[in-house]
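Here's the structure, in C-alpha cells; my notes come after.
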Amino acid sequence: MDVSDHTVSARHSFPVEGMTCASCVRRVEKAIAKVPGVNSATVNLATESADVALDENVDPDAIVAAIRDAGYDVPLATMQVEIDGMTCASCVRRVERAISAVPGVLKASVNLATESAAVETLGTTSRAAIDAAIRKAGYEPRPTLQKAADTGADSREEARNRELVRLKRDFGIAAVLTLPIFVLEMGSHVFPALHHWLLMNIGRQPLYIFFFVLATIVQFGPGLRFYRSGVPALLRFAPEMNSLVVLGSTAAWAYSVIATFAPGLLPAGTANVYFEASAVIITLILLGRLLEARAKGRTSEAIKRLMGLQAKSARVERGGAFVDIPLDEVVTGDVVQVRPGDKVPVDGIVLSGSSFVDESMISGEPVPVSKGEGAEVIGGTINKTGSFTYRATKVGADTLLAQIIRMVETAQGSKLPIQALVDEVTAWFVPAVMAAAALTFLIWLVVGPEPALTFALVNAVAVLIIACPCAMGLATPTSIMVGTGRAAELGVLFRNGEALQSLRSTEVVAFDKTGTLTAGKPALTDLEVAEGFDRDDVLALVAAVEGQSEHPVAAAIVAAAQEDGLAIGSANGFEAVPGFGVSATVGKHRVAVGADRYMEKLGISVQHFSETSQRLGRKARTPLYAAIDGKLAAIIAVADPIKPTTLQAIRALHDMGLKVAMITGDNRRTAEAIAAQLGIDEVVAEVLPDGKIEAVKRLRAGGRTVTFVGDGINDAPALAEADIGVAVGTGTDIAIESADVVLMSGDLLGVTNAIALSRATITNIRQNLFWAFAYNASLIPVAAGVLYPISGTLLSPMLAAGAMALSSVFVLGNALRLKRFRAPAHATA
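Numbered according to this note's numbering, the sequence shown spans residues 242 to 1070.
Here you go:
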C-alpha cells in the first residue's frame, strides 16, 4: 500500500501485539490505511511492528485506535518526567510542544503545579530523547529515582525544598539591598526635607552611584535567575514570563545607568533614574515566587501524608527467628510479624493471631477492623491491640498504598478539558503583551506629555511586569492537586482529571444492586417457627443439613447458627434436589429445607405461613421452608442486606437534584420492592452482565449524563460505557481499570461526596481562571496609561510587580481553600 501523491511529513513505528499470520498483517495494514492522512503503512510480522508514514497533522492516537479496532493491541508506555525552570503557562505550552515533537511520543501533559510531565509513548522512545527535547526548549529535566516503590514524590519534594532555600536566600539579599534605595528615593518624594538634606550633604551624583551599586547587585545577583531562563527564551523567539521580567527590569535599570553616567545621551529633562523600580520589581517578584513555592508545597500535603503511612521497616522471619529489615527488602511470600502499635508493612493474608487494625486512612472507615486467620491486611494501616503473623502477598509498588499514591499523583498531574482554553490563550499571550508594551512605548513617545520618553518607558515597563501569565498557568493544576488530595483523604480516588470535571455534570446516578446497594453477602434475615418447635433447635438442625451444601444461601444459614453459638451436628444421607431443596438425617431427625414447591412435593402444606410469606415478598425476601420429621417446622428468609448507609446516600443524591436508578439481574418484583424501600426513581431489572451496557445507554436517553456505580468486577463493561464509572472498592480490588473514580470503602456516601467535591473543585477552578483573566484584562490597560487622560492615574512599575506577585498568590490561596472542604454526607447512627 503506497499512495505517492501525498507529501510524507512524519514517520512512526507502532509496536503491534496479537498478530499470528500474514492475514493479520494485511488486516492491520488495511485498518491503518483507512485513517485519513496516512500515506503508507508497512506491517512486519517478525518484528511485530507497523512503520507508518503520515501527514504532520495526523494524531498518532488515531493509528493506535485503528489497530485496536482491528482486534490487535498497541502496547504503550508511560513515564513521569520532573522538570525544572517552568514558571508560567507559556512554559507549559512550550514544553508540551517540545516533548510531543519527539518521535514515538503520543501524548504529553505538562503540569505547572507538580512541575512534571506525564508522557505516553509507543515504548520505543527513550527517556534521553525526551530529556534532550526538554533541554532544547530551555528547561532542565530532573533525574528520576529507579526504585520500584518510589513514586517520585520524594525527589519532587527534595527539589522543591532546594528551590525554597534558594528563593529565601535570593529574596533576603534583594530585600536588604533594595530597602535603602526604596527608603531614600521614595522618602525624598514624600518628605521634601529629606530630599533637600540628601542633596546638600551627599549630592545627586554620589547618591545615584550608590543606588547604581545596590541595584546592579540585585539585578545580576538575585535577579540572575530571570536572565538564565528569560534571555534564552527571547533568543529562541519564544518569550515567557521570565522574559517579561528581564525586559521590564532591565529597561528600567539600563535607562537609569544612562541617566547616571551619560545623561547627555537623553533628551533634556528626561535624565531620571529608576533604580528603585528595577530593584523593587526583582524583589517583589522573588517574594511572589517564595510565597508561591510555599503554597505549592501545601498543595501536595495529601501525597506527603500518604507517603508517611508507609512503614520504614518490617519484622520478617529469617532462619526461624523474626528480625527487623528495611521495607524494600521484603519479598512476596515472607512471613511478617506485627506487634501492637506497629504499622502493617505490606499487603498480605493473616496466618495466625488476631487483632483490630485501624484502616481509616485507607478506607475512610473510622472503626478498627477485626483481623483473624485468613483475613487480608493492607500495608500502611495501624495495628491496635493484638499481634499476628501474616504472609506477604504484595510488596513495593504492588501494594494497595503504592497504587493509591500513583492514582492520586496521576490525577493531580492530569489536565482537565477546561485547561484547553488556557492553553490556547497562553500560546499567544506573552508575544501579545510584548507587542502591547511596544505599542504603549510608541504612543506615549509620540503623543505623551513631556518628558515623553520618561512616560513611555515607565508605562511600557509597567505593562511588561503586570501582564504575567503565572496565575493563568496555576489556576487549574493547583485546584486539581488540592481537590484530588482532599478526595483521597475522604476515601475517593479520581483516576483522571476528566472524571473530576465530568462528575459535576451528573444527572442520573445508576447503581448496580448486589455488592453496591447491598452487602453482597447473603444473611439470615427471618426465621419463624411453627407451634411446638424451638427456634434454636430448628436453626441447628437446618444448619447441619445446609452445611453439606456450597450454595451461598446455605452458607448464610450456617453462619447465623455459628454466630448464635449453636452446636451444629453432623448430617447423613444428604440429598439435593436441583431447583427444589435439600434433605438429610441429623441425629434421629429427618430434615428437609427448600422452596414451597419442595414442601408440596413432600406432601407438606405451607398454608400456616401464608401471611408471613406475603410479608417477606413485600420486602423482596424469598422464603424457604424447613420440615422436620415430615412436619412443617419453620419459614426462613435469606437475603442480601442493604448496606447501612445506602438509604442515606440516596436521600443525599436526591437532595442534590439527581435522579437515582438501579440496574440488576434480579426479577422485577424483587427489584421494585427494593427500589420502593430505598426511594429509587428508575429500575432496570432482569439484566444480564452484558445487558448492563444497553441499560446505561437507555438511561442516557435525552442527553442525560449518567454515572454508573458498581463493584468493578462484573460491572466493568457498564463502568466503561457510562459517562463516569465509579467503582466501589473492597480491599485490594481497588485497582479497577474500567472506573474513572474509585471509592475506597463500600460506603455509598462516597458517591455523594465525590460529586460534591467535583462541583467544589470546578467552581474553584472557574474562580481562579476568572481572577487570572480578569486581572490581566483590567490591569494591562491601566498599566498602559488609559486612565491618565481621565484622572491622571498611572501605574508604577513597582505596584505592577506587587500586583503580579499577588495574583499568583491569590490563585494559590483560593485553591488551598479546598483543603477545608467538608463532606456533605456523613454516616449517621
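Each residue gets a CB set at the ideal place from its N, CA and C atoms; glycine is no exception.
By the CB criterion at 8 Å, Ala291 and Val269 fall inside the cutoff. In this structure, the CA atom of Leu1020 is about 7 Å from the CA atom of Ile707.
For the pair Asn813 and Lys829, the Cα-to-Cα distance works out to about 10 Å. With a cutoff of 8 Å on beta-carbon distance, Ala912 and Ala926 are scored as near each other. Within 10 angstroms of the beta-carbon of Ile645 lie 16 or more other beta-carbons, which makes it buried. Ranking Asp778, Tyr313, Glu533 and Ala378 by CA distance to the CA of Ala354 puts Glu533 first. Excluding residues up to 5 positions away in sequence, Val591 lie with their Cβ nearer than 6 Å to the Cβ of Glu614 in the same chain.
For Ala359, the pairing in a beta bridge is given by DSSP as Gln321 and Ser350. Using a Cβ distance threshold of 8 Å, Ala1013 and Val1052 count as a contacting pair. Inter-residue distance for Ala474 and Glu481 is about 7 Å (C-alpha atoms, whole angstroms). Exposure of Val564 is indicated by the presence of fewer than 16 other C-beta atoms within 10 angstroms of its C-beta. Between the segment 308–325 and the segment 357–364 there are three or more C-beta pairs closer than 8 Å, enough to call the two in contact. Bridge partners of Phe412 according to DSSP: none are assigned.
When DSSP reads this structure, Ala825 sits in a beta bridge with Val832.
Taking 3 residues as the minimum length, the beta strand (DSSP E) runs contained wholly in the segment 876–917 are 900–904, in order along the chain. The three-state reading of DSSP puts Arg309 in helix, counting H, G and I together.
When C-beta atoms of the segment 625–645 are compared with those of the segment 577–593, three or more pairs fall below 8 Å, so the two segments count as touching. When secondary structure is reduced to three states using DSSP, Tyr866 falls in the strand class. In this structure Asp952 is in contact with Gly756, their Cβ atoms being roughly 4 Å apart against a cut-off of 8 Å. DSSP places Gln578 in no alpha helix (DSSP H) but in the uninterrupted beta strand (DSSP E) bounded by Val576 to Val579. Nearest to Ala633 by alpha-carbon distance, out of Val572, Pro609 and Glu600, is Val572. Between Ser357 and Ala349, the gap from beta carbon to beta carbon reaches 8 Å or more.
For the pair Phe412 and Ala703, the Cα-to-Cα distance works out to about 21 Å. When the beta-carbon positions are compared, Val924 and Val950 stay at least 8 Å from each other. Assignment of Gly505 by DSSP, reduced to helix, strand and coil, places it in the helix class. Secondary structure note for Glu923: its beta strand (DSSP E) is the uninterrupted segment Glu923 to Val925.
The alpha-carbon of Asp583 is positioned some 30 Å away from that of Val723. Distance from the CA atom of Glu381 to the CA atom of Arg469, rounded to whole angstroms, is 12 Å. If only uninterrupted alpha helix (DSSP H) runs of at least 4 residues are considered, those enclosed by the segment 710–788 are 711–730, 738–743 and 776–787. Short of 7 Å from the beta carbon of Pro1038, and not among the five residues preceding or following it, lie these beta carbons of its own chain, in chain order: Gly489, Ala493, Ala518, Ile522, Val699, Val702, Ala703 and Ile706.
Shown here, Thr328 sits in coil according to DSSP, grouped into three states, outside any helix or strand.
About 7 Å separates the beta carbons of Lys900 and Glu748, which is inside the 8 Å limit, making them a contact pair.
Distance from the CA atom of Gly574 to the CA atom of Lys635, rounded to whole angstroms, is 9 Å. Inclusion of Leu865 and Ala771 in the CB contact set at 8 Å is not warranted, their separation being larger than that value. DSSP, reduced to helix, strand and coil, places Tyr631 within a strand of the structure shown. Our two residues, Ala997 and Gly898, have alpha carbons roughly 12 Å apart in a direct line.
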